[in-house]
Amino acid sequence: MTPFLRRPRPVLAAFLRRPAPRTLRGRLSLVALATAALLMLVLTVAFNAVAQHRLRHQADDELRTRAAAVAATVDTSGTTVRVLETSHDALLDTNVWIYGGGHLLEAPPNAGRPTRAADALAGHGGRRCTTAAGGTLRLCSQPVPEDTGRATVVTALDLSPYRSSADTLLLGSLALDVVMLACTYALTRLAVGRALRPVRTMTDQATQWSAVASGERFGRTRHPAELARLGTSLDALLDRIRTLLRHERQLTGELSHELRTPLSRIIAELDWWRARPRTAAQTHATHEVIAEAARSMRTICDTLLDDAREGAPTSPGTAQVLTTLHRLAQGPGLPPHVTVTVDGPPLEAGVPPALLERVVSPLLANACRYARSEVALRTHRAPDGVRIEVTDDGPGVPPAFAGQLFEPGRRADPGDGHGGAGLGLPLARRLARSAGGEVTHDPGHAPGARFVVGLPAG
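The sequence shown lines up with residues 0 to 457 when you count with numbering that gives the first Met the number 0.
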């Protein structure tokens, strides 16, 4: 017997350890089902308790009505209690006990055990009701007359029909509960599914828009208040993703733009070195040029990556402006007509030399690209720091294009035969601003173009 009783425990434990539904729809449906089941249980218990009380009350009313009818046949006016005979004694005497002076005067034939229950009820006296025979028989006592109680009439009633009615009500209420629970679960799943359908749609749209960096947003569509808040959060997330992707493309373009020159120097040196046999001195010179280009590439990468990480150089310092400008003017690939002038004593800028090179280098390359005969670098002190002017005598910037000059990827005339991806000027301004400076275009200069770099003094 003991193993048989313990066998279901693993099954019950496994059922209790079953994981909750993974979907919000399933969890809400389960919560609604559990809540409805608890409510149905309370209502069913209360309803059946009230129904049983009502049925018992009806049975007691019927018993007292019969007892009153039988009491009319009991004569207590004399010295002894007498039972009068009537034309309907058979009906009145069914399950009826009459007591007088503590003695049983009349009882139904073959009463057996109910007679003992009737004797006990009559012995207590007064108007009482009790249940006997395992709850299948209801007995009520009625004193005759009410004030003296010389006689007592006890009537009995079989409760089987009432219990059958109560069982029928219980089964009916349970069946109704099952139907209601099934409808509740189905309707909850349907309602939650319909309510969550816009969420699924918004999730799919957010995934699609984030993959292609789309400009579509949820704020342009009317949604309920809860979904509107979710749409606002998703719009902010999409904006951040789009910004990150734009920064990533910008950094990639800037790295390729800045690394193109040192890579070209390395390739040119290698092609020159492999063209014909070289002496040891020439080979050493080639190695020096390649090493210098590699160091320049590393400096470029460090400078741009530091700016991309924090928006400010990680190693603050100062740079000799004149020395840096001379080094840029003597760089390979630049025309020999680049002049460098300084007004006043030598100046120091409050930025690292590498950052100063990365700010001025795109401006110098742009001036050399469009200049006809002359490019000039001029530096002087200003009230708020150091100024560096990059001037050329080329065609200048078209007035209609001046507002888009520092936008990444924009060029005044992409088919003018000059190289460039439209990234140098935006990069110079961004790096200058990261150090607390600025790069501007002087629209009043003619002929040619003039760009002014403002940096803090060292």
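All C-beta atoms, glycine included, are put in the ideal place defined by N, C-alpha and C.
Exercise. Rounded to whole angstroms, how far is the Cβ of Leu376 from the Cβ of Val389, which I believe are closer than 8 Å?
Worked result: The pair is a contact, with the Cβ atoms about 6 Å apart (cut-off 8 Å).
For this session: Return the chain-ordered list of same chain residues with a C-beta closer than 6 Å to the C-beta of His222, the five sequence neighbours on each side being excluded.
Result: Excluding sequence neighbours, His222 sits near Gly230.
Exercise. Does DSSP classify Leu15 as helix, strand or coil?
Worked result: For Leu15, the predicted model reports a pLDDT of 48, less than 50, meaning its position is unreliable; a value from the coordinates is still stated below. Three-state DSSP puts Leu15 in a helix.
For this session: In angstroms with no decimal places, state the Cα-to-Cα distance between Trp271 and Ala293.
Result: Each residue's Cα considered, the two are about 17 Å apart.
Exercise. Can the beta-carbon of Asp118 be found less than 8 Å from the beta-carbon of Thr135?
Worked result: Cβ atoms of Asp118 and Thr135: not closer than 8 Å.
Exercise. Where Val358 and Arg26 are concerned, what is the direct C-alpha to C-alpha distance, given to the nearest angstrom?
Worked result: Each residue's CA atom was taken as its position, placing Val358 and Arg26 some 59 Å apart.
Exercise. Exposed or buried, what is Leu4 when buried is set at 16 or more other beta-carbons lying within 10 Å of its beta-carbon?
Worked result: Note on Leu4: pLDDT 42, under 50, position unreliable in the model; no value is reported.
Exercise. Under three-state DSSP, which class holds Pro312?
Worked result: Here Pro312 scores only 47 on pLDDT, less than 50, and its place in the model is too uncertain to base an answer on.
Exercise. Rounded to the nearest angstrom, how far is the Cβ of Pro442 from that of Ala401, given a contact under 8 Å?
Worked result: Between Ala401 and Pro442 the Cβ distance is about 6 Å, and since that is below 8 Å, they are a contact.
For this session: Compute the Euclidean distance between the alpha carbons of Arg467 and Met179, then round it to the nearest angstrom.
Result: Within the shown structure, residues of the chain are numbered from 0 to 457, placing residue 467 beyond reach of any answer.
Exercise. Given 8 Å as the limit, is there contact between the segment 348 to 363 and the segment 382 to 399, that is, 3 or more CB pairs closer than that?
Worked result: Here the segment 348 to 363 makes contact with the segment 382 to 399; the two share three or more CB pairs at distances below 8 Å.
Problem set entry | Of the listed residues Ala328, Thr79, Gly192 and His336, nearest to Arg24 (C-alpha basis) | Considering only alpha carbons, the answer is Gly192.
Exercise. How is the alpha helix (DSSP H) around Thr79 delimited, first residue to last?
Worked result: For Thr79, no alpha helix (DSSP H) encloses it, and the DSSP letter there is neither H nor E.
Problem set entry | Buried versus exposed, by CB contacts within 10 Å (16 or more), Gly111 | With fewer than 16 other Cβ atoms from the protein chains shown falling within 10 Å of its own Cβ, Gly111 counts as exposed.
Exercise. How many Å lie between Ser172 and Gln51 at the Cα?
Worked result: Straight-line Cα distance between these residues: approximately 13 Å.
For this session: Pick out whichever of Met201, Gly99 and Gly343 has its Cα sitting closest to the Cα of Thr75.
Result: Gly99 is the residue among Met201, Gly99 and Gly343 whose C-alpha sits nearest the C-alpha of Thr75.
For this session: Just grab the DSSP bridge partners of Ser372 for me.
Result: Per DSSP, none; premise fails for Ser372.
Exercise. Is any heavy atom in the ligand FAD found nearer than 7 Å to the beta carbon of Ala116?
Worked result: Ligands in the displayed structure: none, and consequently the ligand FAD is not present.
Exercise. Which two residues bound the contiguous beta strand (DSSP E) that contains Glu406?
Worked result: Looking at the DSSP string, Glu406 is not in any beta strand (DSSP E), and its letter there is neither H nor E.
Problem set entry | First through last residue of the alpha helix (DSSP H) which encompasses Glu61 | In this chain, the alpha helix (DSSP H) harbouring Glu61 covers Leu23 to Ala70.
Exercise. Rounded to the nearest angstrom, how far is the Cβ of Leu237 from that of Ala205, given a contact under 8 Å?
Worked result: Contact annotation, Leu237 with Ala205: C-beta distance approximately 7 Å; criterion of less than 8 Å satisfied.
Exercise. Alpha carbon to alpha carbon, how far is Asn47 from Ser163?
Worked result: Near 13 Å, if we compare the C-alpha coordinates of Ser163 and Asn47.
For this session: Might you give, ordered along the chain, the residues of its own chain that have their beta carbon closer than 8 Å to the beta carbon of Arg380, omitting 5 neighbours on each side?
Result: Its chain contains Asp342, Gly343, Leu346, Arg386 and Ala456 as the residues whose beta carbon lies nearer than 8 Å to that of Arg380, once the 5 sequence neighbours on both sides are disregarded; these appear in chain order.
Problem set entry | C-alpha gap between Leu355 and Pro276, whole angstroms | Each residue's CA atom was taken as its position, placing Leu355 and Pro276 some 39 Å apart.
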